[in-house]
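Q: Structure provided below as structure tokens; questions to follow.
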Amino acid sequence: MAAVCVYPGSFDPITVGHLDIIQRAAKLYDTVIVAVLHNPGKQGCFSVEQRMDMIRTACQGLPVQVTCFDGLLMAFMRETGTNVVLRGLRAVSDFEMEFQMAQLNHQLAPEVETLFMMTTPQNAYISSSLVREIGAFGGDISAFIPASIEETVRIHLLNNDCQK
Ligand code: ADP
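Heads up, the sequence shown is in the numbering used here, so the first residue is -8 and it goes up one at a time.
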């Protein structure tokens, strides 16, 4: 049976930190499903379609499938018959929330395991929100964004009001 993991998140937009996790996961799994959370209560800066397109572009050549979901992640896991959730960990500040989510998800779907991958040190401070903030002020985001989507992200951030 092919080994599959699901990497869920906002990816608003995908950063080199996300891409590093995906590249490393691709060495361990036959397929990495990158699942963009469509949160109706939180509009986001890029549309879900834009985020998915950028992930596809950034992940070209990797065994990656890109999709989106709304509602409960555990419902998505059951619908797709997948049982490994992958999450990245940066600082200790990520831990508390991730710990809570993993416990909660285990309660909802005990057959699903949440696995954590540590960020590589040079990506530890990189987040989508930081990229949005720097990009909105016309700052250089090239160190934080995959080169293949940098232009798209740069122009979008300059022309849209989405600093949060
Ligand atoms: P969410 O809103 O679900 O946290 P994100 O897109 O911010 O969505 O993050 C998705 C996942 O990627 C999370 O597990 C997050 O901790 C991880 N992640 C984000 N940035 C990095 C990074 N620089 N290095 C490693 N993991 C990261």
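Don't be surprised by glycine CBs; every beta carbon is placed ideally from N, CA and C.
(1) If you run the structure through DSSP and keep just helix, strand and coil, what is Gln56?
(2) Taking all protein chains shown into account, decide if Pro4 is buried (16 or more other Cβ within 10 angstroms of its Cβ) or exposed.
(3) Select from Cys59, Val55, Tyr116, Phe128 the residue whose C-alpha is nearest the C-alpha of Cys(-4).
(4) Kindly list the residues whose CB is nearer than 6 angstroms to the CB of Gly27, restricted to its own chain and excluding five residues on each side of it in sequence; keep chain order.
(5) Considering Cα atoms alone, identify which of Leu106, Thr48, Pro137 is closest to Ser118.
(6) Do you know offhand how far Leu95's Cα is from Ile46's?
A: In terms of the structure at hand:
(1) strand
(2) buried
(3) Val55
(4) Here residue 27 turns out to be Val, not Gly, going by the sequence shown. If we look at Val27 and ignore the five residues flanking it on each side, its Cβ neighbours are Phe2, Val39, Arg42, Met43, Cys59.
(5) Pro137
(6) 28 angstroms
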